[in-house]
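In what follows, a single structure is set out as structure tokens and then discussed.
2 protein chains.
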Amino acid sequence: MSALSVQQLRARLRACGLRATLPRIAVLGQLTAAEGPRSHAELTDALTARGFDRATIYRNLMDLTDAGLVSRTDLGDHRWRFELKRASHAQDPCHPHFICEGCGSIACLPEASVELHAVRGAPRALRHKSVQVQVRGLCNGCA
Amino acid sequence: MSALSVQQLRARLRACGLRATLPRIAVLGQLTAAEGPRSHAELTDALTARGFDRATIYRNLMDLTDAGLVSRTDLGDHRWRFELKRASHAQDPCHPHFICEGCGSIACLPEASVELHAVRGAPRALRHKSVQVQVRGLCNGCA
DNA sequence: TCTCAGATGAAATCGAGTTGCAATGATGGG
DNA sequence: CCCATCATTGCAACTCGATTTCATCTGAGA
Ligand SMILES: [Mn+2]
Ligand SMILES: [Mn+2]
Ligand SMILES: [Zn+2]
Ligand SMILES: [Zn+2]
Chain Y
28 MSALSVQQLR
38 ARLRACGLRA
48 TLPRIAVLGQ
58 LTAAEGPRSH
68 AELTDALTAR
78 GFDRATIYRN
88 LMDLTDAGLV
98 SRTDLGDHRW
108 RFELKRASHA
118 QDPCHPHFIC
128 EGCGSIACLP
138 EASVELHAVR
148 GAPRALRHKS
158 VQVQVRGLCN
168 GCA
Chain R
28 MSALSVQQLR
38 ARLRACGLRA
48 TLPRIAVLGQ
58 LTAAEGPRSH
68 AELTDALTAR
78 GFDRATIYRN
88 LMDLTDAGLV
98 SRTDLGDHRW
108 RFELKRASHA
118 QDPCHPHFIC
128 EGCGSIACLP
138 EASVELHAVR
148 GAPRALRHKS
158 VQVQVRGLCN
168 GCA
């Protein structure tokens, strides 16, 4: 999506209590400019040219994940992918997510699209709605 | 679920054109006795006591998958899991699964516990029920 | 500027998954 | 029942992403 200025990236990091180091700004900048989830290898390919180490990129991805700026998911291909959490994508409550197994895109589903029933044999967590729902399939573009 | 006799397991393998070897019968027997998806490591732990090698167990899991007796899925925890395809167990091969974020255990959910609604804005895949649903939370033991 | 907890780079390690190969054994035909 | 054949096994090695170790460096507050 839109590329933020270095000052904006730095401010966002500091707001989370993270130091604004060169590699960390670069990683956050890459994820901000990306349109979808990115793997560690993809970011490494894009950033090693600037001299950053793959372990540093990895740790920064984990730092951003721990700080809540980024989400880490496995789209089923056995590789972790990192995606910037965007305010536009309304992280409201724990609404369900749709993961396209074709293109890897993640979409927020309307709260009403998934209805949970605490039928016999289901964990009690379903009754309290204290669960996170993931629906995997092919998006309209990949179907 | 129900444990099949060695003869029944052997017959099921032969019907798929697979040789009924000791390790293969044991792997199919484990998956038949299991009530949910099992990882390669879990089957290895259960079967190395009988002297079977982890590579053999792995290749048998792949053989059973290729033969269509077993499904291989990644429920998002970065480990492949194998589950017997049961004629009885809800014809729908895409029944929902519950993943405990505390202990990592995986359980099959009753088909009726999750109801999908193809509301406006949801991918068409939801309408065709051609999706895989994962519910994450804490199991009764970890709550 | 000074200081040091936090961060980096380089290399090692981990672990699930996968494969190569020589020895073994299940199966079908004689 | 025996044998030949080829699928399968046991073992070790290997792949590769993920993760950690540790000595050195640096960002940010004092
Ligand atoms: Mn995975
Ligand atoms: Mn299941
Ligand atoms: Zn898609
Ligand atoms: Zn649990």
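Residue numbers (this note's numbering), protein chains in the order written: chain Y, 28 to 170; chain R, 28 to 170.
Just so it is clear, CB atoms sit at the ideal spot from N, CA and C, and this is done for glycine as well.
Y/Arg39 and Y/Pro50 have their alpha carbons spaced roughly 14 Å apart. Proximity of chain Y to R/Leu143 at the Cβ level (cut-off 7 Å) is accounted for by Ser140 and Val141, in chain order.
Residue burial annotation: R/Cys127 is buried, with at least 16 other C-beta atoms found within 10 angstroms of its C-beta.
If you compare the alpha carbons of R/Ser157, R/Ala139 and R/Glu138 with that of R/Ala145, the shortest gap goes to R/Ser157. Residues of chain Y whose Cβ lies closer than 7 Å to the Cβ of R/Ser98 do not exist, since the nearest Cβ in that chain is about 13 Å away.
Contacts between R/Ser157 and chain Y, judged by CB atoms closer than 9 Å, involve Gly164, Leu165 and Ala170 in chain order.
Between the beta-carbon of R/Leu31 and that of R/Asp90 there is about 18 Å, and that puts the pair past the 8 Å contact cut. Contact note: Y/Gly56 does not reach chain R at a C-beta cutoff of 7 Å; the least C-beta distance is about 27 Å. Rounded to whole angstroms, the gap between the alpha carbons of Y/Ala68 and R/Arg81 is 29 Å.
Chain R has no Cβ within less than 9 Å of the Cβ of Y/Gly63. For Y/Leu136, the residues of chain R that pass the 7 Å Cβ criterion are Ala149, in the order they occur in the chain. Residues of chain R whose Cβ lies closer than 7 Å to the Cβ of Y/Ala68 do not exist, since the nearest Cβ in that chain is about 15 Å away.
In the DSSP assignment, R/Thr59 falls within the alpha helix (DSSP H) that extends over Leu49 to Ala60. Cα atoms of Y/Asn167 and R/Cys130: separation of roughly 35 Å, rounded to the nearest angstrom. Any Cβ of chain Y closer than 9 Å to the Cβ of R/Asp104 would place that residue at the interface, and such an atom is present. Check the Cα spacing between R/Ala61 and each of R/Arg151, R/Thr48, R/Phe109 and R/Cys121: the tightest is with R/Phe109.
Our two residues, Y/Val33 and Y/Phe79, have alpha carbons roughly 17 Å apart in a direct line. Close partners of Y/Asp101 in chain R (Cβ separation under 7 Å): Asp101, Gly103 and His105. For Y/Thr75, there is no enclosing beta strand (DSSP E), as DSSP marks it with neither H nor E.
Membership of R/Val97 in the beta strand (DSSP E) is indicated by the continuous run Val97 to Asp101. R/Arg154 and Y/Ala76 have their C-alpha atoms roughly 45 Å apart. Short of 8 Å from the beta carbon of Y/Ser66, and not among the five residues preceding or following it, lie these beta carbons of its own chain, in chain order: Arg106, Trp107, Arg108 and Phe109.
With fewer than 16 other CB atoms across the displayed protein chains lying within 10 angstroms of its CB, Y/Gly148 is exposed. Within a 10 Å sphere around the beta-carbon of Y/Pro137 sit fewer than 16 other beta-carbons, which makes this residue exposed. Here Y/Arg163 is buried. Its C-beta has 16 or more other C-beta atoms within 10 Å. Identification of chain R residues near Y/Phe125 by a Cβ-Cβ cut-off of 9 Å yields Ala149, Pro150, Ala152, Leu153 and Val158, ordered along the chain. When secondary structure is reduced to three states using DSSP, Y/Val158 falls in the coil class, being assigned neither helix nor strand. Within chain Y, no C-beta atom comes nearer than 9 Å to that of R/Gln34; the closest sits roughly 31 Å away.
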